[in-house]
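*Asks:* Got a structure for you, questions after.
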Amino acid sequence: MMLYLSSYKTIFCSLQTVDLRQVRDAVSAVFHTLLLHRSVGKFQYKAESNYQLGSIGIEEVDCDFVDLTYVRVNSAELVSAVKSEVDAFFTDVSKAAECGGGANLLSSSSSPKITYGTPLLNARIALEFYQRRKRQWPLPDDQVPWEVWQLQLDIVDVRENEYFERMRENVAESLSDVVISTCGAINRPQYLPKMPTRSELSNVFDDNFSDCQPYLFRVVRHPLHTGSFLSFLACF
18 MMLYLSSYKT IFCSLQTVDL RQVRDAVSAV FHTLLLHRSV GKFQYKAESN YQLGSIGIEE
78 VDCDFVDLTY VRVNSAELVS AVKSEVDAFF TDVSKAAECG GGANLLSSSS SPKITYGTPL
138 LNARIALEFY QRRKRQWPLP DDQVPWEVWQ LQLDIVDVRE NEYFERMREN VAESLSDVVI
198 STCGAINRPQ YLPKMPTRSE LSNVFDDNFS DCQPYLFRVV RHPLHTGSFL SFLACF
């Protein structure tokens, strides 16, 4: 696991040696941890600048293929939105693994020290928080990122049940380190958009969810496919 900050508010996390079946768990655990810290209750405005914040619920989630439990916002709508993006990323990675011929996609310079399993590929996915800024008509609003979390996964294929059981434990330890480091980094003093007035709410927060309001965010997928680097951008 590696985590370091750049001057552009970009945070890099690396999770080495993850079985293909564990990709959904790994991305979901990291992204939901981030969204838990970047979401608030619904705004209830009494005037343009006078508001109260509602509360948000939380829930514990057990991973399917990793021996880890994490906490996320208890919002079926937010969970569904994240799941659709994680599923799309998993589909991209699975197709790339099938087409790439195995170890060709995991370069020797970036490959971790794998003791079991077949190297497949490394893939990146990012969670980006941004705010909207008005531009002169007729230009559309500018979407300015203020925090970007990049997650890199070195993915392998483990066929033997004995080794996969070890992977459940090993990845749980690595993923736990990433989650803990993420919580530490996200709680440091740093830039956050100022709380908006009623008319500016949609420039800072996503108000499409009925039970919570995360900061505006989008998922950026960067999977490898047959040796080429493709970029897919999905916005909420």
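Following this note's numbering, the numbering of the sequence shown begins with 18 at its first residue and continues without gaps.
Glycine residues also receive a C-beta, built at the ideal position from the N, C-alpha and C atoms.
Note that the structure is predicted; figures quoted are calculated from it, not measured.
Ignoring anything shorter than 3 residues or poking outside the stretch 37-107, list the beta strand (DSSP E) runs there in chain order.
*Replies:* DSSP runs (the beta strand (DSSP E)) wholly in the stretch 37-107: 60-62, 68-70, 75-79, 86-90.
*Asks:* Rounded to whole angstroms, what's the CA-CA distance from leucine 156 to arginine 150? Just pull it up for me.
*Replies:* Against the sequence shown, residue 156 aligns to sequence position 139. Against the sequence shown, residue 150 aligns to sequence position 133. Straight-line Cα distance between these residues: approximately 11 Å.
*Asks:* Which one or two residues does DSSP pair with glutamine 148 in a beta bridge?
*Replies:* Along the sequence shown, one-based indexing puts residue 148 at 131. Answer is Val161, bridged to glutamine 148.
*Asks:* Give me the Cβ distance between valine 40 and valine 110, rounded to the nearest whole Å; I'm assuming they're in contact under 8 Å.
*Replies:* Within the sequence shown, numbered from 1, the residue matching residue 40 stands at position 23. Within the sequence shown, numbered from 1, the residue matching residue 110 stands at position 93. Sure, about 6 Å apart at Cβ, within 8 Å.
*Asks:* Going by the beta-carbon positions, is the gap between valine 196 and tyrosine 87 smaller than 8 Å?
*Replies:* In the sequence shown, the residue the question calls residue 196 occupies position 179. In the sequence shown, the residue the question calls residue 87 occupies position 70. For valine 196 and tyrosine 87, yes; Cβs fall inside 8 Å.
*Asks:* How many Å lie between threonine 8 and serine 193 at the Cα?
*Replies:* The structure shown has nothing for residue 8, since the chain only spans 18 to 253.
*Asks:* So does glutamine 61 have its beta carbon nearer than 7 Å to some heavy atom of the ligand ATP?
*Replies:* In terms of ligand content, the structure shown is empty, and the ligand ATP therefore cannot be addressed.
*Asks:* Take histidine 54 as the anchor and find which of Gln169, Asn91, Phe29 has the nearest alpha-carbon.
*Replies:* Within the sequence shown, numbered from 1, the residue matching residue 54 stands at position 37. The residue with the shortest Cα to Cα distance from histidine 54 is Asn91.
*Asks:* Measure the beta-carbon distance from leucine 330 to tryptophan 166 and round it to whole angstroms, keeping in mind my assumption that it falls under 8 Å.
*Replies:* It is not possible to answer for residue 330, since the shown part of the chain is limited to 18 through 253.
*Asks:* Going by alpha carbons, who is nearest to threonine 199 out of Glu217, Gln33, Ala46?
*Replies:* By one-based count along the sequence shown, residue 199 stands at place 182. Nearest C-alpha to threonine 199: Ala46.
*Asks:* Using a Cβ distance threshold of 8 Å, determine whether the stretch 57-64 contacts the stretch 171-186, with at least three qualifying pairs required.
*Replies:* Counting Cβ pairs under 8 Å, fewer than three are found: no touch.
*Asks:* Taking glutamate 65 as the reference, which of Asn204, Asn220, Thr214 has the closest Cα?
*Replies:* The sequence position of residue 65 within the sequence shown is 48, counting from 1. Looking at the Cα atoms, Thr214 is the closest of the given residues.
*Asks:* Would you kindly work out how many angstroms separate the C-alpha atoms of valine 78 and arginine 89, rounded to a whole number?
*Replies:* Taking the first residue of the sequence shown as position 1, residue 78 is located at position 61. Taking the first residue of the sequence shown as position 1, residue 89 is located at position 72. So the alpha carbons of these two residues sit roughly 7 Å apart.
*Asks:* Is it buried or exposed, tyrosine 147, if we count other Cβ atoms within 10 angstroms and call 16 or more buried?
*Replies:* As a first step, residue 147 must be located in the sequence shown, where it is residue number 130. Tyrosine 147 comes out buried.
*Asks:* Could you tell me which residues DSSP puts in a beta bridge with tyrosine 307?
*Replies:* The requested residue 307 does not occur in the structure, where the chain is confined to residues 18 to 253.
*Asks:* Following the continuous beta strand (DSSP E) through valine 237, name the residue where it begins and the one where it ends.
*Replies:* Start at 1 with the first residue of the sequence shown, and residue 237 comes out as number 220. Note, valine 237: beta strand (DSSP E), 234-239.
*Asks:* By how many angstroms is the C-alpha of asparagine 67 removed from the C-alpha of glutamine 169?
*Replies:* Counted from its first residue, the sequence shown places residue 169 at position 152. Counted from its first residue, the sequence shown places residue 67 at position 50. Each residue's Cα considered, the two are about 41 Å apart.
*Asks:* Pick from Ala114, Gly74, Glu186, Ser191: whose alpha carbon is nearest that of serine 227?
*Replies:* As a position in the sequence shown, residue 227 is number 210, starting the count at 1. For the residues Ala114, Gly74, Glu186, Ser191, the minimum Cα distance to serine 227 belongs to Gly74.
*Asks:* Per DSSP, what are the beta-bridge partners of serine 35 in this structure?
*Replies:* Numbered from 1 along the sequence shown, position 18 holds the residue referred to as residue 35. Here residue 35 turns out to be valine, not serine, going by the sequence shown. BP columns for valine 35 point to Ile172.
*Asks:* Skipping 5 residues on each side, what residues in its chain have a beta carbon closer than 6 Å to that of isoleucine 203?
*Replies:* Within the sequence shown, residue 203 is the residue found at index 186, counting from 1. Only His54 meet the Cβ criterion.
*Asks:* Quick check on the burial criterion: 16 or more other C-beta atoms within 10 angstroms. Buried or exposed for asparagine 225?
*Replies:* Reading the sequence shown from its first residue, position 208 is the one you call residue 225. Answer is exposed; the Cβ neighbour count stays below 16.
*Asks:* From the DSSP output, in three-state form, read off leucine 137 for me.
*Replies:* Stepping through the sequence shown from its first residue, residue 137 is reached at position 120. Of the three classes helix, strand and coil, the one that applies to leucine 137 here is strand, per DSSP.
*Asks:* What number of angstroms, rounded off, separates the C-alpha of cysteine 80 from the C-alpha of valine 99?
*Replies:* Stepping through the sequence shown from its first residue, residue 80 is reached at position 63. Stepping through the sequence shown from its first residue, residue 99 is reached at position 82. Their Cα atoms are separated by approximately 15 Å.
*Asks:* Taking Cβ positions, are glutamate 145 and arginine 238 nearer each other than 8 Å?
*Replies:* The residue you call residue 145 lines up with position 128 of the sequence shown. The residue you call residue 238 lines up with position 221 of the sequence shown. It is not a contact, given that the beta carbons lie outside the stated cut-off.
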